[in-house]
Structure formats: structure tokens, C-alpha cells
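Numbering of the sequence shown is given in the working numbering, commencing with residue 5 and proceeding in unit increments. Virtual Cβ for every residue (Gly too), placed ideally from N, Cα, C. Since the structure is predicted, the reported quantities are computational estimates derived from the model, not experimental observations. These notes are about the structure you will find just below.
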Amino acid sequence: MKTPRFWQKNGIFPTLLTPLGWVYGAATQLRLRLGKPRKCKAKVICIGNITAGGVGKTPVAMAMAEQYIKAGKKVFFVTRGYKGKLKNIVVNLERHTAAETGDEARLLAGVAPTIIAPRRELGAEKAVRLGAEIIIMDDGFQNPGLYKDESWLVFDGAAGIGNGKIIPAGPLRETLKNGEKRADYILIMGEDKTGLAEQCTLPVFSGRLKPLPFDLENKRVLAFAGIGHPEKFYQTLKSLGYILVATRDFADHHAYTATDLEALRAEAAAQGLSLVTTEKDYVKLPDSAKKDIFCLKVRAEWAPVPVCGTRNGH
Numbered sequence: 005m006k007t008p009r010f011w012q013k014n015g016i017f018p019t020l021l022t023p024l025g026w027v028y029g030a031a032t033q034l035r036l037r038l039g040k041p042r043k044c045k046a047k048v049i050c051i052g053n054i055t056a057g058g059v060g061k062t063p064v065a066m067a068m069a070e071q072y073i074k075a076g077k078k079v080f081f082v083t084r085g086y087k088g089k090l091k092n093i094v095v096n097l098e099r100h101t102a103a104e105t106g107d108e109a110r111l112l113a114g115v116a117p118t119i120i121a122p123r124r125e126l127g128a129e130k131a132v133r134l135g136a137e138i139i140i141m142d143d144g145f146q147n148p149g150l151y152k153d154e155s156w157l158v159f160d161g162a163a164g165i166g167n168g169k170i171i172p173a174g175p176l177r178e179t180l181k182n183g184e185k186r187a188d189y190i191l192i193m194g195e196d197k198t199g200l201a202e203q204c205t206l207p208v209f210s211g212r213l214k215p216l217p218f219d220l221e222n223k224r225v226l227a228f229a230g231i232g233h234p235e236k237f238y239q240t241l242k243s244l245g246y247i248l249v250a251t252r253d254f255a256d257h258h259a260y261t262a263t264d265l266e267a268l269r270a271e272a273a274a275q276g277l278s279l280v281t282t283e284k285d286y287v288k289l290p291d292s293a294k295k296d297i298f299c300l301k302v303r304a305e306w307a308p309v310p311v312c313g314t315r316n317g318h
């Protein structure tokens, strides 16, 4: 989703919408209190957030899975398959398309077996039957169905918690205080430009999305993205030496049509530009459309020790 600009500051719109935010927040807390989380035999790790919009959860989930796989553990992902049509399946990259699974599930399945299940507890039980020792949830922090042994809250360092208000007045699904009560660790991706770390009582880790370099002869590009914060993608391309002649933003999880791709190609051809997009967008494109579109891949990494924060203070 494209987040409203007023979510990052106080003003008339956040003020007018604050009462609705109170209702949203109260409903979330009531749903969590009434839920009866089901515990499964595998260790469940939730990579979640309390803000709307992209913060980098999926790359973090992928990186964490890779760490456990290297340690010899059998890892499964459980996700709801946002924007996908299929439910209660194990993703098969050869059979299932991004339209059927959603873009995030397709990315996850490239690292470890991935189960799409709106009811996460049922997905976890299926993973255990298939031999899972570690189950990683990509999102689902506010889902009360499955007991979480370990929860990470991921934040975008540039956005932080915005104006600190709850949807629709601000970006929060719940307050930082309430979120921390159920979490174990905070992971801030990128420079902490809002001072979020100092507001946290949990251990705070500092991370980043590391771009995997790729080389184009033509450094003049048209970059397009359908992610929560496309400006981060564009800035990364600039840091790698590419000249962004044009950019095109689409809604988060946008399903690209033939018309979209034809328009992008025509614009790039008219100006002699290379077409570049994100890995999350690239996996949604049909194979026939990928031949002249380049993909910037990123990998999440974070320091092994927290930069600050304990439950007893800094």
C-alpha cells in the first residue's frame, strides 16, 4: 500500500482521524485478548511489525531462515499469501504463479518450503507433519491463532513509527508499548532517523538491506516498483551508480498487466533507458516479460548484538 504522507507528521487530518484510530487499536487488542494461541511442536518465530507499509519483513524472514538452514535445521515458512488466490497449499514454484500465491510467498519458497495458510495454526501443524523444526512466520504478529516462541518487530529506520498514531490517523496497527509486550526483539532496518531505538525497552538490533550488485552497460534507467517505500529502492540504485532518468510507482503488491509492461517498455525505448525493478516485483512478471527487465536483489543483514535496549531500560 502507498502510505499517506500525513502519517509521518501531526496535523489536521491525523487529529480528525484519531478517534477512529482509538477504535481500531481497541479492536486489535480485544481480538488479541480473546484469541487462544495454539502451540505447536516446532519453534515458531514471527517476523512482524506494528506499522502499515513495507519495512523489509520478507528479506529478514529469508535471512533468518538461511541462518537456521546453515545450522542444519529443517525450516518452513508459514504465511497468509497476501494477494494470492490459493490457500492451504505448499508453494510449488514450478506449478504455482505469483498471482496464485502472492509475491512474498513466492520469494520465501525460493529459500525454504512455504505453506500458505490464512489460519496460521493449521499451516504450522501441516509444517510439523512435514518435518519442520523451525517455523518462521512472515507477518502475523497481530494474528492470535498461533503461539509464537520468539517475535521480532521490524521497522523502517527512516519512517520509524511516524506520527505515533493508530490507523487511519497514523501508520500504527497498535501502540509501540502494546507491541513490545508481546515481542522479544526490535530490528530497525537502515539508519534510525527518528530516534526510535531510544523509545524502545526491548533489545534493539540495527540492520540493513544489502543490494547485490549487478552490471548494466546502460546506466541510464527507468526504475519501477510496487512496494511500500519505493524511494528506498530508487536511492539504492543511485548509490550503485545508476542514473534514474524516470521512476514509476505502483501500489504495493500491484499485479502488473500487459498494458503496464507495454507502457513501461515504450517509455524506456523512447528515451534509451534500461528497465529495472525490485525482486519482489520481478517474481510477479511472466517469464516472457522478464527478458529485457533487470532485477535488483537485496539481502537483509543485521549486527549480532543489540545496539541498545533491555527490558529494564537502556
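Which listed residue (the options) has its alpha carbon closest to that of residue i
i, options, result
"Gly199", "Ala109, Gly164 and Arg133", "Gly164"
"Glu154", "Gly39, Ala250, Pro63 and Ile49", "Ile49"
"Ile231", "His258, Asp196 and Arg212", "His258"
"Pro217", "Gly245, Ile140 and Gly88", "Gly245"
"Leu226", "Arg124, Leu277 and Leu97", "Leu277"
"Thr7", "Arg124, Ile54, Lys295 and Ala255", "Ala255"
"Met141", "Pro23, Lys45 and Phe81", "Phe81"
"Gly149", "Lys169, Ser210, Pro122 and Leu180", "Pro122"
"Leu279", "Cys312, Phe228 and Ala31", "Phe228"
"Gln239", "Arg124, Trp306 and Thr282", "Thr282"
"Tyr260", "Phe237, Lys242, Ser243 and Lys284", "Lys284"
"Tyr86", "Leu97, Lys78, Gly76 and Ala102", "Ala102"
"Asp253", "Thr22, Leu126, His233 and Asn14", "His233"
"Leu289", "Lys74, Arg9 and Leu111", "Leu111"
"Glu178", "Gln12, Leu21 and Thr32", "Thr32"
"Lys61", "Arg224, Leu220 and Gly144", "Gly144"
"Thr205", "Arg186, Asn222 and Leu241", "Arg186"
"Ile192", "Thr22, Val59, Leu24 and Pro23", "Val59"
Simplified DSSP assignment, three categories, for residue i
i, result
"Glu125", "helix"
"Thr175", "Before going further, note that residue 175 is Pro rather than Thr in the sequence given. Looking at Pro175 - three-state DSSP - the assignment turns out to be coil, as it is neither helix nor strand."
"Thr7", "coil"
"Gly29", "helix"
"His318", "Below a pLDDT of 50, predicted positions are generally treated as unreliable, and His318, at 45, falls in that range; the measurement from the model is reported next regardless. DSSP places His318 in coil when its eight states are reduced to three."
"Lys61", "helix"
"Phe237", "helix"
"Val249", "strand"
"Lys181", "helix"
"Thr205", "coil"
"Leu300", "strand"
"Pro308", "coil"
"Pro23", "helix"
"Ala227", "strand"
"Lys47", "strand"
"Asp18", "One point to set straight first is that residue 18 is Pro, not Asp, in the sequence displayed. Here Pro18 sits in helix by DSSP."
"Leu268", "helix"
"Arg84", "coil"
"Leu244", "coil"
"Asp219", "coil"
"Asp107", "helix"
"Thr263", "helix"
"Lys214", "strand"
"Ile54", "coil"
"Ile165", "coil"
"Tyr72", "helix"
"Tyr189", "strand"
Residue burial classification, residue i (beta-carbon count within 10 angstroms, cutoff 16)
i, result
"Trp26", "exposed"
"Ala128", "buried"
"Val327", "Limits of the chain in this structure are 5 at one end and 318 at the other, which puts residue 327 out of reach."
"Ile16", "exposed"
"Gly183", "buried"
"Thr19", "exposed"
"Thr263", "exposed"
"Val309", "exposed"
"Ala46", "buried"
"Leu38", "exposed"
"His318", "Since pLDDT at His318 reaches only 45, below the 50 mark, its modelled position is unreliable, and the value read off the structure follows with that caveat. Exposed, by the Cβ-count rule."
"Lys169", "buried"
"Ser210", "buried"
"Phe10", "buried"
"Arg84", "buried"
"Leu21", "buried"
"Ala75", "exposed"
Supposed contact pair residue j and residue i - C-beta distance, whole angstroms, cut 8 Å
i, j, result
"Tyr151", "Pro41", "4 Å"
"Lys197", "Gly166", "The Cβ separation is near 12 Å, so there is no contact."
"Ile120", "Val95", "6 Å"
"Lys89", "Glu108", "Incorrect: roughly 14 Å between the Cβ atoms, too far for contact."
"Gly52", "Trp156", "7 Å"
"Pro63", "Arg303", "6 Å"
"Ile54", "Leu180", "7 Å"
"Val208", "Val311", "6 Å"
"Gln146", "Leu36", "7 Å"
"Lys77", "Glu137", "5 Å"
"Ala113", "Leu97", "6 Å"
Contact with chain D by residue i, beta-carbon distance below 8 Å
i, result
"Phe81", "In the structure shown, chain D cannot be found, because there is only a single protein chain."
*Is it a yes or a no for the region 172-185 touching the region 67-78, going by three-plus beta-carbon pairs under 8 Å?*
No: the two stretches stay apart, fewer than three of their Cβ pairs being nearer than 8 Å.
*Could you tell me whether the region 294-312 touches the region 262-280, using the rule of 3 or more Cβ pairs below 8 Å?*
The region 294-312 makes contact with the region 262-280, as at least three CB pairs between them are under 8 Å.
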